[in-house]
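First residue of the sequence shown? That's 108 in the working numbering, and the numbers climb one at a time after it. Even for Gly, the Cβ is constructed at its ideal location relative to N, Cα and C. Just so you know, these numbers come straight off a predicted model, no measurement behind them. Below is one structure, written out as structure tokens; comments come after it.
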Amino acid sequence: MYLVNCWIEHPTLKIDRLFSYLSEVYLNKGVRVRVNFNYKDIIGFVDSSRYIEDISALKSELGYSLKPIKDIIDQESILNDELYELGKWMAKETLSPTIACFQTMLPKKIKPISNFGKIVKVKKVRVKPLNIELKLKELTAYQYLLEKETLLLSEYRKLFKSYVNKLIDKEVIEVFEEEKNNSLTVKEYDKNNNLKLTEAQSFAMKKIIASKKEVILLHGITGSGKTEIYLQLAGKIIAEGKQVLFLVPEISLTPQMVKRVKSRFYDDLAIYHSGLNAQEKYEQYKKVLNDEVKIVVGTRSAVFMPFNNLGLIIMDEEHDLSYKQDGIPMYHCRDIAVKRASHFKCKVLLGSATPSLESYARALKGVYELVELGSRINNKLPNIKLININDSSKKQKGYILSEELKEKIAQALKKQKQVILLLNRRGFSTSIRCKNCNTVIMCPHCDISMSYHHDIKMLKCHTCNTTMPYPVVCPGCNGKNSFSSFGFGTQKLEEEVKSVFKGVRVIRMDSDTTSKKNAHETLLEAFSHHEADILLGTQMISKGLDYPDVTLVGIINGDAGIHRVDYRSQEVVFDMLTQASGRSGRSDDEGEVIIQVYDDNNYVINSVLKQDYKTF
108 MYLVNCWIEH
118 PTLKIDRLFS
128 YLSEVYLNKG
138 VRVRVNFNYK
148 DIIGFVDSSR
158 YIEDISALKS
168 ELGYSLKPIK
178 DIIDQESILN
188 DELYELGKWM
198 AKETLSPTIA
208 CFQTMLPKKI
218 KPISNFGKIV
228 KVKKVRVKPL
238 NIELKLKELT
248 AYQYLLEKET
258 LLLSEYRKLF
268 KSYVNKLIDK
278 EVIEVFEEEK
288 NNSLTVKEYD
298 KNNNLKLTEA
308 QSFAMKKIIA
318 SKKEVILLHG
328 ITGSGKTEIY
338 LQLAGKIIAE
348 GKQVLFLVPE
358 ISLTPQMVKR
368 VKSRFYDDLA
378 IYHSGLNAQE
388 KYEQYKKVLN
398 DEVKIVVGTR
408 SAVFMPFNNL
418 GLIIMDEEHD
428 LSYKQDGIPM
438 YHCRDIAVKR
448 ASHFKCKVLL
458 GSATPSLESY
468 ARALKGVYEL
478 VELGSRINNK
488 LPNIKLININ
498 DSSKKQKGYI
508 LSEELKEKIA
518 QALKKQKQVI
528 LLLNRRGFST
538 SIRCKNCNTV
548 IMCPHCDISM
558 SYHHDIKMLK
568 CHTCNTTMPY
578 PVVCPGCNGK
588 NSFSSFGFGT
598 QKLEEEVKSV
608 FKGVRVIRMD
618 SDTTSKKNAH
628 ETLLEAFSHH
638 EADILLGTQM
648 ISKGLDYPDV
658 TLVGIINGDA
668 GIHRVDYRSQ
678 EVVFDMLTQA
688 SGRSGRSDDE
698 GEVIIQVYDD
708 NNYVINSVLK
718 QDYKTF
């Protein structure tokens, strides 16, 4: 009999320890089992097993008998040793239950939780040795399968219909099950070879390769060619037979990055982000586990992919707050990347035009290697202009789009160029207030103001997604039809743009329009093919996008987030405005940026105006 120590599926710190059970067979570390805990069957995650000769002596020593393991779910460990130790390190560093760390690291299909999904399997057919004589059409079907080796049963039936059952009955072909592994299809792109690096890019790349430090910070202004450096470094690592992890902060950035990586490395690619369904995630995870791919592009969760020979971790837009998980376990993707790099003895490359202040401080102190790209590939920064909208707001004229921004948009559209408009607030209006008693409709769960969404004619909470009808009677004073809206969001901006510029084609990108599967890719692909003149949206369009025909970026309410009760609020606003400004003028055409603000004397806004990260 074996004594098995397990972490149990009960993510509370009070019982974050190993529990012992008995098994008739030896179980490897990282295997899921079903155990009884507190009269309830739950999942256990094996930590260790050891053989016990005398069970009665163990019972006497403990003073109680141990329960047997009820069921063994896995035949082999679902976590390698490196990831297992990483989970235990995370638990200690983040003060989280160990089992919660293991659950975070694994795709839903194989998480150590009771409601894990079934792995999708498909039925296939293959030939068996032919030891009887077949009729002509049966022989044709048999020989076809012999050439193909295996086929989907459904596909084989379409081709040979009733003959399939006859071949099965005659035991010359057999049906078997296999895990589905092709749910996710990635578009094919034309081959894209390495571009010739500029002198500054070549110097930066040589410095990165020569650095003895484990972490390198690549600080390059927008449009300076950081992505090409990433790709050429990845190519060198792959040529050495190693794997590369390419992290991006948001799903909205993944399609463009996948396109560039796919066109460079073809089939050596796995994709991993929260937009995939459970089966697709599991299949991508297995691809990496089985060494079928050399490069992974993904968001925060991709940092836990089961690499065997990792050679480089690239973390693009490293400043982005999306890299931090706020739920238990609370971790920062950068810390996990550095920890994994120390195990594989490889480098972590952090890239950004606006590095996080802690990363830049570490670089200045020599903890990280600092590599800088100070100029754009085209050597032309966009012209940035501030518009103070206080006067327009007071006169109730052009309070959404200033007259100058309207004029610039009209000029860009006349030249058949494209425009990006950024407003980091979704919905039609930010709140509704009673004109009689000033009552604001609040979310009953979150106690924050509900936002009005014009398309669904409903109020919606942007924290918990609770919806409710637009009120007719004020709950404060019982006044009828007394509500008016205050503030505005992306829906109202879209309505304003279409009202001012008749016939203009607009794509709106925010949480409401990108909730469906592949919505990010579909919308950005449409914009890249000039199916729209204006792309407007929230902060998801502020970074990483590269469209050569975008010559104007308009930023609405640019200083709206500066005075939030968040010690990073100034940094977040600076990052967003600088990144958004960098979407303009990335080709040969001159780029312009109009930033509408209420306070044009703020140091954050003036640092953005000069594109001056160091002064900020």
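Span separating the alpha-carbon of residue i from that of residue j
| i | j | result |
| --- | --- | --- |
| residue 472 | residue 466 | 10 Å |
| residue 664 | residue 384 | 36 Å |
| residue 307 | residue 333 | 11 Å |
| residue 694 | residue 655 | 5 Å |
| residue 708 | residue 468 | 26 Å |
| residue 446 | residue 462 | 20 Å |
| residue 517 | residue 658 | 12 Å |
| residue 563 | residue 287 | 38 Å |
| residue 430 | residue 568 | 24 Å |
| residue 160 | residue 167 | 14 Å |
| residue 378 | residue 370 | 14 Å |
| residue 199 | residue 207 | 12 Å |
| residue 356 | residue 494 | 30 Å |
| residue 634 | residue 585 | 47 Å |
| residue 480 | residue 640 | 31 Å |
| residue 180 | residue 139 | 5 Å |
| residue 727 | residue 153 | Any property of residue 727 remains undetermined from this structure, which presents the chain solely from 108 to 723. |
| residue 411 | residue 186 | 10 Å |
| residue 734 | residue 553 | The structure shown has nothing for residue 734, since the chain only spans 108 to 723. |
| residue 317 | residue 485 | 27 Å |
| residue 270 | residue 244 | 8 Å |
| residue 424 | residue 125 | 39 Å |
| residue 151 | residue 213 | 15 Å |
| residue 409 | residue 358 | 12 Å |
Identity of the residues DSSP links to residue i by a beta bridge
| i | result |
| --- | --- |
| residue 113 | 126, 153 |
| residue 286 | 228 |
| residue 350 | 417 |
| residue 377 | 403 |
| residue 148 | 143 |
| residue 494 | 703 |
| residue 281 | 233 |
| residue 259 | 231 |
| residue 356 | BP columns for residue 356 are empty, so no partner. |
| residue 590 | 541 |
| residue 477 | 324 |
| residue 467 | In the DSSP output, where bridge partners are listed per residue, residue 467 has none listed. |
Run of the beta strand (DSSP E) containing residue i, from where it starts to where it stops
| i | result |
| --- | --- |
| residue 423 | 417-423 |
| residue 458 | 454-459 |
| residue 704 | 699-704 |
| residue 405 | 402-405 |
| residue 558 | 558-560 |
| residue 120 | Per DSSP, residue 120 belongs to no beta strand (DSSP E) and is neither H nor E. |
| residue 275 | It is not in any beta strand (DSSP E) - residue 275 instead sits in the alpha helix (DSSP H) that spans 269-276. |
| residue 322 | 322-327 |
| residue 567 | 565-567 |
| residue 574 | 574-576 |
Residue range of the unbroken alpha helix (DSSP H) whose run includes residue i
| i | result |
| --- | --- |
| residue 483 | Unbroken run through residue 483: none, as it is neither H nor E. |
| residue 362 | 361-372 |
| residue 661 | Where residue 661 is concerned, there is no enclosing alpha helix (DSSP H), although the beta strand (DSSP E) it sits in stretches over 657-662. |
| residue 313 | 306-317 |
| residue 450 | 440-451 |
| residue 683 | 676-688 |
| residue 712 | 710-716 |
| residue 525 | Here residue 525 belongs to no alpha helix (DSSP H); instead the beta strand (DSSP E) covers 525-529. |
| residue 652 | Neither: residue 652 is in no alpha helix (DSSP H) and is coded neither H nor E. |
| residue 516 | 510-521 |
Neighbour-count burial assignment, residue i, 16 or more Cβ in a 10 Å radius
| i | result |
| --- | --- |
| residue 523 | exposed |
| residue 182 | exposed |
| residue 388 | buried |
| residue 512 | buried |
| residue 531 | buried |
| residue 582 | exposed |
| residue 452 | exposed |
| residue 263 | buried |
| residue 712 | buried |
| residue 443 | buried |
| residue 724 | Because the chain spans 108 through 723 in this model, residue 724 falls outside it and cannot be assessed. |
| residue 519 | buried |
Residue i CB to nearest heavy atom of the ligand FAD below 8 Å
| i | result |
| --- | --- |
| residue 458 | The ligand FAD is absent from the structure shown, which contains no ligand whatsoever. |
Practice task
Could you tell me which uninterrupted alpha helix (DSSP H) segments, each at least 4 residues in length, are contained entirely in the region 601-648, listed from first to last along the chain?
Solution key: Within the region 601-648, the runs of alpha helix (DSSP H) at least 4 residues long that lie entirely inside it are, in chain order, 626-635.
Handout entry: Continuous alpha helix (DSSP H) assignments of at least 4 residues falling wholly in the region 170-252
Key = For the region 170-252, whole alpha helix (DSSP H) runs of length 4 or above, ordered along the chain, are 188-201, 205-212.
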